[in-house]
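Undergrad:
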Amino acid sequence: MIVQKNDRVLVQGLTGKQGTFWAERMMEYGTKIMGGVNPRKAGTEHIGLPVYGTAQDAMAGKGFEVAVMFIPPLGAKAAAMDAIEAGVKKIVCLTEHIPVQDVMYFLAAADEAGCQVIGPNTTGVVTTGENFVGFMPAFNERILRPGRVGVISRSGSLGTFICMKMVEAGFGISAFIGIGGDPIIGTTTLQALKQLDAHDGTDQVVIVGEIGGTMEEEAAEYAASMNKPLVAFVAGAASPPGKKMGHAGAIVVGDKGTYASKKAAFEAAGVQVLDSPSMAGDAMRAIVG
């Protein structure tokens, strides 16, 4: 998901502590926040923004293209369905620990409605120099300086580190797409890679993957057909079989989702797999000259 410069953003959970803090940071950076949702405070203002009772009310009012959810786990399904039924086409779901059946329900509804979901359990997305939606430190140019490298990451912390290493190597970041670390998510590595491949502002791509699932293997098949330089780092090389890492999706079963299978898939596609995320900048510089 790449949020466009003029996309209007609705903050679900605007009046909470995190919603308030990050809405202010997003607006300072240039994100067009049009308002927020809190059924108990409908009709009021918060940090200079109108508060609506529902996303459907907000759509009927000023309208919006993106919804971002600062919502507790047990309220996430209702909030997502509210935004989907309002007609939104992009949802950034930051919430983690949402019941799996709730995630499956609203992702199916989103797919049927033609709505793209990033997350759950994502740090968000950044279109560097234009806007960000979530809680990535886009305002820190040591981490997210504008440039031509697109970054896809299941992990927010590793993705942030990779961006920093690219900037240290003299590159800049065109877009960051944090797909989220849960076992069931709305946007896969492959889908994000296709978006960056088609993105005019992106010349090179870095993928930050993890053990567990088959998303990286699927992305590697597509990467073989790309003309844009690409490098990858896969976390979990030292994890023993059956060991779950920090993310709920990072669980290996049998020979699928292993570090070895992901590394082999990328290398078969001609993609360099880094031994350490600190090597990202130097590796890309060696490729592009």
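At position 72 of the sequence shown (counting the first as 1) the number is 485 in the working numbering, and the numbers step up by one without a gap. The C-beta atom is built at its ideal place from N, Cα and C for all residues, glycine as well.
1) Is the segment 515-522 touching the segment 561-571, taking contact as three or more C-beta pairs under 8 angstroms?
2) Does the distance from the CB of A538 to the CB of V505 come in under 8 angstroms?
3) Please report the residue range of the alpha helix (DSSP H) in which V481 lies.
4) Using the DSSP secondary-structure output, state which residues sit across from P642 in a beta bridge.
5) Please confirm if the segment 434-449 is in contact with the segment 485-496, defined as three or more CB-CB distances below 8 angstroms between the two stretches.
6) Can you find the residues in the same chain that come closer than 6 angstroms, C-beta to C-beta, to F679, ignoring five residues on each side of it along the sequence?
7) Under the DSSP definition of a beta bridge, which residues are partnered with E458?
8) If you draw a straight line from the alpha carbon of F545 to that of M414, how long is it in whole angstroms?
9) Kindly list the residues whose CB is nearer than 6 angstroms to the CB of T467, restricted to its own chain and excluding five residues on each side of it in sequence; keep chain order.
10) Contact check, L557 vs F589 under 8 angstroms by CB: the rounded distance?
11) Label K475 either buried or exposed according to how many other C-beta atoms from any shown protein chain fall within 10 Å of its C-beta, with 16 as the threshold for buried.
12) Identify the continuous beta strand (DSSP E) that holds M447 and give its terminal residues.
TA: Once the coordinates are examined:
1) For the pair of segments examined, the segment 515-522 was found not to touch the segment 561-571: the number of CB pairs separated by less than 8 angstroms stays below three.
2) One point to set straight first is that residue 538 is Val, not Ala, in the sequence displayed. Yes, these two residues count as a Cβ contact at 8 angstroms.
3) Per DSSP, V481 lies in no alpha helix (DSSP H) segment; the continuous beta strand (DSSP E) that holds it begins and ends at 479-482.
4) As far as DSSP is concerned, P642 takes part in no beta bridge.
5) Below 8 angstroms, too few C-beta pairs join the segment 434-449 and the segment 485-496 to call them touching: fewer than three.
6) Cβ neighbours of F679 beyond the five flanking positions: A633, A645, V686.
7) Checking the DSSP bridge columns, you'll see E458 partnered with P463.
8) If you draw a straight line from the Cα of F545 to the Cα of M414, it is about 11 angstroms long.
9) Contacts found: D495.
10) Yes, they are in contact, since the Cβ atoms of L557 and F589 sit about 7 angstroms apart, within 8 angstroms.
11) By the 10 Å Cβ count, K475 comes out exposed.
12) Per DSSP, M447 belongs to the beta strand (DSSP E) from 445-450.
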